[in-house]
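If you want my numbering, it's the 1-based position in the first sequence plus 3.
Ideal Cβ placement from N, Cα and C applies to all residues, glycine included.
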Amino acid sequence: MSAVTIAPVKGMNDLLPAEAPRWQFLERVTRELLHAYGYDEMRVPVVEHTDLFKRAIGEYTDVVEKEMYSFTDKGGEALTLRPEATAGMVRAVISNGMLRGARHKLWCVGPMFRHEKPQKGRFRQFHQIDVEAIGFAGPDIDAELIALTAAFWRRLGIGRVTLHLNSLGTAEARRAYREHLTGYLRAHRGDLDEDSLRRLEGNPLRILDSKNPAMQALIAGAPSLPEHLDAESRAHFVELQAMLQALGIGFELNPRLVRGLDYYSRTVFEWTTEALGAQDAVCSGGRYDGLVTQLGGEATPAIGFAMGMERVVALLEQGAAAPPAVAADVFLVAQGEAAARAMLPLAEALRGALPGRRIEANLGGGNFKAQFRRADRSGAPLALVLGEDELTRGVAQLKPLREGAGAPQEISLATAATAVARWFDDQPCGVGEQRP
RNA sequence: GUGGACGUAGCUCAGUGGUAGAGCCCCGGGUUGUGGUCCCGGCCGUCGUGGGUUCGAUCCCCAUCGUCCACCCCA
């Protein structure tokens with residue numbers, strides 16, 4: 004009479020122990036790198052008022068129009084599971100009165116939610132590393148921020164990513180350009196495909212991004228964004244490129260790079276890879292000088308980016324650097340009731356005396372064969388055998404489990420911790436090496 | 001939301017119009033207290049679900065759900 008099993012929610016994945024080390028590696032690199040660049044961690048809620056996202060991301064974007072997990076809570080409030088992090092981060096900076104002339108370099112990691120149809124590299128719950136520099140007009144911060152993303156790839160050992168760069172200009176310049184573009188597109192309305200027709204009024208810049216080959220000729224003939232940049236944005240963009248060159252960071256100018264989120268202005272960038280199929284954007288971001296005001300704060304320039312952790316982890320999997328499997332350091336085995344009872348306190352003592360070492364006690368009984376099998380599978384290089392006879396004499400057997408790791412020796416229970424510590428000290432490096 | 005492929009043991013997969021198998025995993029044994037190799041044995045499935053065709057379906061047909069991939073969108 005087994006009950007019907009409950010399936011996981013579509014597009015939401017379990018992270019199993021086997022995959023955890025890669026995530027931990029990515030998280031560790033993230034912490035260290037952002038620390039090194041002067042960024043501080045901040046944590047914001049996963050749920051926000053729906054209006055926040057409508058105002059920040061734009062009502063007519065796909066994300067807001069059809070991908071948000073929105074609901075009304077018991078108090079009747081319209082809430083949404085965050086589809087991205089920037090809106091919440093900016094909201095938090097405003098809510099907490101952090102603006103007043105101060106500048107902030109902030110980061111945050113966590114789950115985001117978008118109701119999309121899952122496929123390779125795309126999930127309904129996914130995770131982003133989100134980095135925001137608020138109160139900096141650039142272009143120096145733009146360059147530093149992009150250098151930071153490049154450092155990520157270096158530290159993670161990820162190659163085969165390319166940087167695409169563009170400038171959208173100020174909101175005003177963009178508006179003017181948009182007029183030009185819609186004019187041009189309206190004149191060629193007959194050549195537009197279905198998607199493009201839909202975008203024509205709502206978000207015409209996105210048409211430039213179309214992958215439809217039939218649209219390419221039309222797009223090629225369209226008024227180009229770079230030519231309509233305002234003078235200041237152009238200077239900003241030119242300077243940014245010079246700085247990137249000085250940093251030795253290669254990039255491709257991509258005049259058709261338009262972000263799907265409305266809040267971007269001036270610098271936009273995106274790192275793509277060819278290794279992940281259709282979902283090729285691995286990190287993207289840009290400047291959002293107007294967003295703070297849009298959300299009710301005093302005018303403050305800002306720039307940020309988001310990195311898709313699932314996609315980065317997938318890239319990590321393809322690389323050579325497989326993290327070592329997690330292994331125990333010591334496995335305790337006991338024969339007989341009295342020994343089994345003495346084992347737990349001994350394990351506690353060892354854990355207390357040897358912080359950082361993984362000490363596993365055999366749980367659930369079993370004969371020696373079974374217990375040693377477990378010891379072997381735990382990956383421990385060392386077993387500590389508590390037998391009935393030894394127990395009465397106050398000793399235990401220290402038994403190396405791996406080839407060439409020495410012979411078993413008898414040790415006193417009273418000084419077990421020092422004996423274990425010494426055993427590890429005597430090993431050639433690699434055996435039971437402690438991770439930082 | 002649209003399209004395509006695929007759903008058989010925990011995992012990877014064979015297979016047949018007469019209600020199923022392999023390998024791995026797991027458990028036990030190979031001298032009373034010593035693992036990893038080897039040998040022997042054992043456990044495991046409503047063949048995704050519902051309906052139809054048929055004397056009979058895991059196999060054929062339809063629907064449905066799920067997974068994956070692509071479009072779209074984006075990290």
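Label residue i either buried or exposed according to how many other C-beta atoms from any shown protein chain fall within 10 Å of its C-beta, with 16 as the threshold for buried.
i: Lys-123; result: exposed
i: His-130; result: buried
i: Ser-5; result: Note that Ser-5 scores 42 on pLDDT, short of 50, meaning its location in the model is unreliable; the coordinates nonetheless yield the value given after this. Ser-5 comes out exposed.
i: Ala-249; result: exposed
i: Gly-311; result: buried
i: Gly-359; result: exposed
i: Lys-13; result: exposed
i: Lys-108; result: buried
i: Asp-429; result: exposed
i: Lys-77; result: exposed
i: Pro-439; result: Caution applies to Pro-439, whose pLDDT of 36 falls short of 50 and renders its modelled position unreliable; the value that the coordinates give is listed next. It is exposed - the Cβ of Pro-439 has fewer than 16 other Cβ atoms within 10 Å.
i: Glu-204; result: exposed
i: Gln-412; result: exposed
i: Ile-9; result: exposed
i: Ser-381; result: buried
i: Glu-320; result: exposed
i: Pro-11; result: exposed
i: Gln-219; result: exposed
i: Ala-417; result: exposed
i: Gln-27; result: exposed
i: Ala-309; result: buried
i: Pro-304; result: buried
i: Met-346; result: buried
i: Ser-415; result: exposed
i: Met-115; result: buried
i: Met-15; result: exposed
i: Arg-25; result: buried
Would a C-beta distance cut-off of 9 Å place residue i and residue j closer than the cut-off?
i: Ala-284; j: Val-336; result: no
i: Ser-170; j: Phe-240; result: yes
i: Val-47; j: Val-295; result: no
i: Pro-384; j: Ala-424; result: no
i: Arg-202; j: Arg-209; result: yes
i: Val-261; j: Leu-29; result: no
i: Pro-258; j: Ser-227; result: yes
i: Leu-318; j: Leu-166; result: no
i: Glu-255; j: Leu-148; result: no
i: Thr-83; j: Ser-73; result: yes
i: Tyr-266; j: Gly-113; result: no
i: Arg-106; j: Ala-150; result: no
i: Pro-441; j: Phe-56; result: The requested residue 441 does not occur in the structure, where the chain is confined to residues 4 to 439.
i: Arg-58; j: Leu-298; result: yes
i: Leu-184; j: Pro-216; result: no
i: Ala-174; j: Ser-268; result: yes
i: Val-96; j: Leu-264; result: no
i: Gly-307; j: Gly-289; result: yes
i: Leu-243; j: Gly-141; result: yes
i: Phe-155; j: Leu-279; result: no
What span of residues does the alpha helix (DSSP H) with residue i cover, start to end?
i: Arg-380; result: 371 to 380
i: Leu-159; result: 143 to 159
i: His-231; result: Per DSSP, His-231 belongs to no alpha helix (DSSP H) and is neither H nor E.
i: Gln-219; result: 219 to 223
i: Ala-90; result: 89 to 98
i: Leu-394; result: 391 to 395
i: Leu-203; result: 197 to 205
Across which residues does DSSP place residue i in a beta bridge pair?
i: Tyr-72; result: Leu-84
i: Asn-169; result: Val-271
i: Arg-189; result: Its beta-bridge partners do not exist; DSSP assigns none.
i: Lys-108; result: Ala-136
i: Phe-116; result: Gln-128
i: Val-164; result: Thr-276
i: Leu-385; result: Val-333, Pro-403
Over the uninterrupted beta strand (DSSP E) stretch that includes residue i, give me the two end residues.
i: Gln-430; result: Taken as a continuous stretch (DSSP letters only), Gln-430 belongs to no beta strand (DSSP E), as it is neither H nor E.
i: Arg-414; result: The sequence as given places Ile at residue 414; Arg does not occur at that position. Start and end: 412 to 415.
i: Leu-401; result: 398 to 403
Exercise for the section: Identify every run of the alpha helix (DSSP H) within the segment 24 to 62, keeping only runs that are complete inside it and at least 4 residues long; order them along the chain. Expected result: 53 to 60
Handout entry: Segments assigned beta strand (DSSP E), at least 3 residues, entirely inside the segment 239 to 325
Key = 268 to 276, 284 to 290, 305 to 311
Exercise for the section: Quick one: which unbroken alpha helix (DSSP H) runs of 4-plus residues sit fully inside the segment 334 to 368? Chain order, please. Expected result: 340 to 356
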